[in-house]
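Input: a single structure, listed below in structure tokens.
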Amino acid sequence: MTLNADPITAIIDLIRLVRRDDRRTVVAIAGPPGSGKSTLATDLVEALSRRYGSGKVALMPMDGFHLDNEVLEARGMANIKGAPQTFDVNGFISLVSNVRCKEGDLSYPLFDRALDKTVPDGGRLAADAQIIVVEGNYLLLETGVWPALRQMFDATIMLSAPVEVLRMRLVARWLEFGLPQDAAVARADGNDMVNARTVIENSAVADLTIELSGLRTKTETIQQEGLQC
């Protein structure tokens, strides 16, 4: 099903259909870079928390499983950081499996974008959390070992956007991080758009596809809030 309006309500309705009381519900939000995954995931967790209680819902990003820069440099992959092969996918699969099958608190790594490094045990999933929202580019990827993730998700959402819109947003992202215009365009047109096309061309069909219209990226949210008096 494809949707271009009121995505939060549509996702909550989907979760209500698949949710069970005897185990955690794991929801995947996938999409290419620049599609607004982190913003939508954050908004969804806030909406679910109001419905089910703040301690019952948690957000778990995939980005904490970036391989360290030292590892990427040793493997000659530093220039393609963010591509599927630059993640510890087996570690991430193990974490998602544990989220589904184990009780008790779980820790997991987070990624500090400003420092460009992984923070081990930076995130913690409380034992009481019953709905887990996972977000990341490659959650529905059909190549390599990534497909092992698909069976671990109770509901899947894909964010869709025209490539020209993604490119515009990715350039804006790098400008926000202080890169000059030429460097921001080069970063967006290089590795970022390669990864975007990988997601678009090689991902499984999701339970729900949401068009970009109406969604804001994190950068756009900050810009809008900054204009308020």
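The sequence shown begins at 32 in this note's numbering and counts up one residue at a time.
Each residue gets a CB set at the ideal place from its N, CA and C atoms; glycine is no exception.
Item                                                                                                                : Value
Coil, strand or helix - Met-183 by DSSP                                                                             : helix
Given 8 Å, three or more beta-carbon pairs between the region 165 to 183 and the region 79 to 87                    : no
C-beta atoms of Leu-239 and Leu-45 nearer than 7 Å                                                                  : yes
Extent of the continuous beta strand (DSSP E) run through Phe-315                                                   : This structure cannot settle anything about residue 315, because the visible part of the chain is limited to 32 through 260.
Per-residue DSSP class, three states only, for Gly-95                                                               : helix
The region 92 to 103 touching the region 215 to 222, judged by at least three CB pairs closer than 8 Å              : no
Own chain partners of Ala-78 with C-beta closer than 8 Å, once the 5 adjacent residues on each side are dropped     : Ile-39 and Ile-43
Residue burial classification, Asp-94 (beta-carbon count within 10 angstroms, cutoff 16)                            : buried
Span of the beta strand (DSSP E) around Ser-138                                                                     : 137 to 143
Residue range of the alpha helix (DSSP H) that includes Leu-201                                                     : 194 to 207
Closest residue to Asp-152 among Ile-163, Ser-138 and Glu-232 (Cα-Cα distance)                                      : Ser-138
Range covered by the beta strand (DSSP E) that runs through Lys-148                                                 : 148 to 156
As assigned by DSSP and simplified to three states, the class of Leu-258                                            : Any reading at Leu-258 needs caution, since the residue's pLDDT is 31, under 50, leaving its predicted position unreliable; the model's value is listed next. Helix.
Distance, Thr-70 Cα to Glu-242 Cα                                                                                   : 14 Å
Those residues which DSSP pairs with Met-189 across a bridge                                                        : Ala-61 and Thr-240
Leu-48 versus Pro-140 - alpha carbon distance                                                                       : 30 Å
Residues bridged to Ala-78 (per DSSP)                                                                               : Paired residue(s): none; Ala-78 is not in a bridge.
Met-91 to Asp-119 span [Cα, whole Å]                                                                                : 15 Å
CA-to-CA distance, Ala-203 to Asp-52, given in whole angstroms                                                      : 42 Å
Cβ-based burial, Thr-117 [other Cβ within 10 Å; buried from 16]                                                     : buried
Nonlocal neighbours in the same chain, by C-beta distance under 8 Å from Val-76, ignoring five residues either side : Val-88, Ala-89, Leu-90 and Val-164
DSSP state of Val-176 mapped onto helix, strand, coil                                                               : coil
7 Å Cβ shell around Phe-123 - same chain, five flanking residues per side excluded                                  : Met-93 and Phe-96
C-alpha gap between Ala-72 and Gly-154, whole angstroms                                                             : 16 Å
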